[in-house]
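All remarks here apply to the structure that follows.
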Amino acid sequence: MPANDTATRILIRGGRVIDPANKVDTIQNVYIVDGKVVAFDHAPQGFRADMEIDASHLIVCPGLVDICARLREPGQEQKATIATESLAAASAGITTLCCPPDTNPVIDTPAVTEFIRLRAEAAGHCRIVTLGALTQSLRGEQLSEMAALGRAGCVGVSNALQPLLNPLILRRALEYAATFDLTVFLHPNDHWLANKGCAHEGRVATRLGLRGIPEAAETAAVARDLALIEQTGVRAHFCRLTSGRAARMVARARYDGAPVTADVAIPYLYLSEMDISDFDTQCHLIPPLRTVEDRQQLRDAMQQGTLSAICSDHQPHEPDAKTGPFPATEPGISGLDSLLPLCLRLVDEQSIELADLIHRLTAGPARILGLPYGTLSVDAIADICIFDPSSSWLLDTNTIRSNGLNTPFMGWEMKGRVTHTLLAGKLVYALN
């Protein structure tokens with residue numbers, strides 16, 4: 006961390022500025038004063054920089070917005086904390102993280118929301134926003150005080166991965182959320198069809214003797230949710246789609262004018278059910294990794310714009326959580342450190358254009374969350390990620406900054422490294 010991180014006037018010189026929200030892709034200077042972008046190319050009158058960052062041969066883009074990251078605090082500090090994970094986020098170019106409500110205690114009161122906000126501010130590495138619980142304690146029975154959660158700063162409501170008692174409760178929850186103009190974040194998974202499975206229902210799970218989760222657990226939930234969205238008029242977001250069929254259903258609904266968006270987590274664009282063939286617990290995810298065909302169809306949906314955001318779905322674990330028989334281990338991947346380089350690999354593989362990719366990491370998720378970030382417009386908050394797209398490095402225990410070392414990408418050579426991260430004009434990370 007540089008000693009001059011309190012500079013109020015910053016010049017970022019000679020970088021390739023990519024701001025998809027404004028259709029900008031050009032080499033120019035960026036001028037920052039008091040936490041805001043004030044000019045490009047030519048210095049404002051009387052401007053004298055307190056700090057200069059040489060961005061020659063580097064890419065300058067809005068700070069990344071990760072729409073789903075579990076920070077494990079409060080409740081599971083043995084895995085990670087807000088301080089450790091927000092620092093890891095800053096080193097990965099992420100300036101805004103969205104925390105789901107399944108903390109302990111659950112984010113179903115303004116007090117828990119305020120606790121997380123204060124911890125994030127104390128750490129000072131990254132902005133953290135929260136989703137409030139859709140139902141009290143996420144039990145799926147009684148509606149939470151959504152209006153109070155919205156006033157406390159929650160950017161939406163969700164029941165995370167917990168099921169609701171029945172569809173009528175979901176309908177009432179959607180109606181209530183619509184009344185207060187809150188976005189509902191839905192995890193499309195039919196709890197009863199999933200039947201406590203741990204892998205995609207198919208040949209691999211059958212061969213390994215693992216209880217499967219059918220694709221229908223996702224698509225049936227998407228169909229039900231879309232019907233209720235149409236009935237209630239609520240603004241909704243589908244979290245972590247894993248199947249090509251679900252993506253096509255969302256694409257059709259969007260074409261028909263439904264107020265819905267969807268995202269994908271980066272592991273599902275690289276891994277498939279084949280990766281669990283040797284009972285690799287690092288690939289134990291919920292929802293599960295689907296087929297190779299689904300993986301390609303998700304990439305297609307990303308390219309076509311059906312999937313408006315790519316997230317890390319960051320879930321750090323202590324080593325013991327991934328030790329044991331596959332079904333007994335805890336699902337999830339530590340994903341903050343690898344989010345940007347894995348996304349850049351998609352560009353190298355010609356799965357998506359660079360500007361479109363950056364949009365799905367910045368303005369796309371910011372718009373879903375209803376936040377004024379993800380852009381480098383004049384007078385915008387100066388959340389900025391600067392990275393070297395040609396820098397290669399190895400993802401290993403020495404380079405992962407998250408407390409969670411649970412990743413199937415361990416040992417992968419990554420291309421693309423963050424050199425600087427600015428949060429509201431404050432330099433919160435610089436590569437040594």
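Just so you know, the sequence shown maps onto residues 6 to 437 in this note's numbering.
All residues carry an ideal CB built from backbone N, CA and C; glycine is no exception.
For the alpha helix (DSSP H) that contains residue i, what are its first and last residues?
| i | result |
| --- | --- |
| Cys-3 | With the chain represented from 6 up to 437, any question about residue 3 goes unanswered, as that position is not in the structure. |
| Pro-115 | 115-128 |
| Ser-149 | First-last for Ser-149: undefined, no H or E at that position. |
| Gly-369 | 368-374 |
| Glu-418 | Segment 418-428 is the beta strand (DSSP E) holding Glu-418; no alpha helix (DSSP H) there. |
| His-196 | 196-199 |
| Thr-237 | 221-237 |
| Tyr-378 | First-last for Tyr-378: undefined, no H or E at that position. |
| Leu-341 | Neither: Leu-341 is in no alpha helix (DSSP H) and is coded neither H nor E. |
| Leu-303 | 297-309 |
Pick helix, strand or coil for residue i, following the three-state DSSP scheme.
| i | result |
| --- | --- |
| Phe-190 | strand |
| Asp-4 | The chain is shown only over 6 to 437; residue 4 falls outside these bounds and no answer can be derived. |
| Lys-28 | coil |
| Lys-84 | coil |
| Cys-288 | helix |
| Asp-71 | strand |
| Tyr-275 | coil |
| Thr-207 | Note that residue 207 corresponds to Gly in the displayed sequence, not to Thr. Correct three-state label for Gly-207: coil. |
| Leu-213 | helix |
| Leu-16 | strand |
| Leu-399 | strand |
| Asn-9 | For Asn-9, the predicted model reports a pLDDT of 48, less than 50, meaning its position is unreliable; a value from the coordinates is still stated below. In the structure shown, Asn-9 sits in coil (DSSP, three-state: anything other than H, G, I, E or B). |
| His-364 | helix |
| Arg-406 | coil |
| Arg-53 | coil |
| Ile-281 | helix |
| Thr-412 | coil |
| Ala-314 | strand |
| Asp-39 | coil |
| Val-22 | strand |
| Leu-523 | No statement about residue 523 is possible, as the shown extent of the chain runs from 6 to 437 and does not include it. |
| Ala-44 | strand |
| Val-255 | helix |
So, is residue i buried or exposed, given that buried needs 16 or more other C-beta atoms within 10 angstroms?
| i | result |
| --- | --- |
| Leu-16 | buried |
| Asn-194 | buried |
| Ser-343 | buried |
| Arg-245 | buried |
| Phe-392 | buried |
| Met-6 | Below a pLDDT of 50, predicted positions are generally treated as unreliable, and Met-6, at 38, falls in that range; no measurement from the model is reported. |
| Leu-436 | exposed |
| Met-279 | exposed |
| Ser-397 | exposed |
| Ala-127 | exposed |
| Glu-57 | exposed |
| Ser-149 | buried |
| Asp-59 | exposed |
| Glu-78 | buried |
| Ala-8 | The predicted model places Ala-8 with a pLDDT of 40, which falls under 50 and marks its position as unreliable; any figure quoted below should be read in that light. The residue is exposed, with fewer than 16 neighbouring Cβ atoms inside 10 Å. |
| Tyr-273 | buried |
| Arg-216 | exposed |
| Gly-98 | buried |
| Val-383 | exposed |
| Gln-287 | buried |
| Thr-140 | buried |
| Asn-411 | buried |
| His-62 | exposed |
| Ala-116 | exposed |
| Glu-418 | exposed |
| Arg-240 | buried |
| Asp-24 | buried |
Under DSSP, the beta strand (DSSP E) around residue i begins and ends at which residues?
| i | result |
| --- | --- |
| Asp-268 | 265-270 |
| Glu-57 | 56-59 |
| Ala-241 | 241-243 |
| Ala-435 | 431-435 |
Under a CB-based cut-off of 8 angstroms, is residue i close to chain B?
| i | result |
| --- | --- |
| Val-65 | The chain labelled as chain B is not found in the depicted structure, where only one protein chain is given. |
Could you tell me whether any non-hydrogen atom of the ligand FMN is closer than 7 angstroms to the CB of residue i?
| i | result |
| --- | --- |
| His-242 | Inclusion of the ligand FMN in the displayed structure is not the case, the ligand content being empty and no account of it being possible. |
So, do the stretch 198-215 and the stretch 175-183 have three or more beta carbon pairs nearer to each other than 8 angstroms? no
Whole beta strand (DSSP E) runs in the stretch 131-179 with 3 or more residues, listed along the chain? 132-135
Determine, using beta-carbon pairs with one atom in the stretch 103-112 and one in the stretch 348-356, whether at least three such pairs fall under 8 angstroms. no
Is the stretch 218-237 in contact with the stretch 301-321, if contact means three or more CB pairs nearer than 8 angstroms? no
Segment contact flag, the stretch 58-74 with the stretch 37-49, C-beta cutoff 8 angstroms, min 3 pairs: no
Any contact between the stretch 79-86 and the stretch 33-43? By contact I mean 3 or more CB pairs, one from each, below 8 angstroms. no
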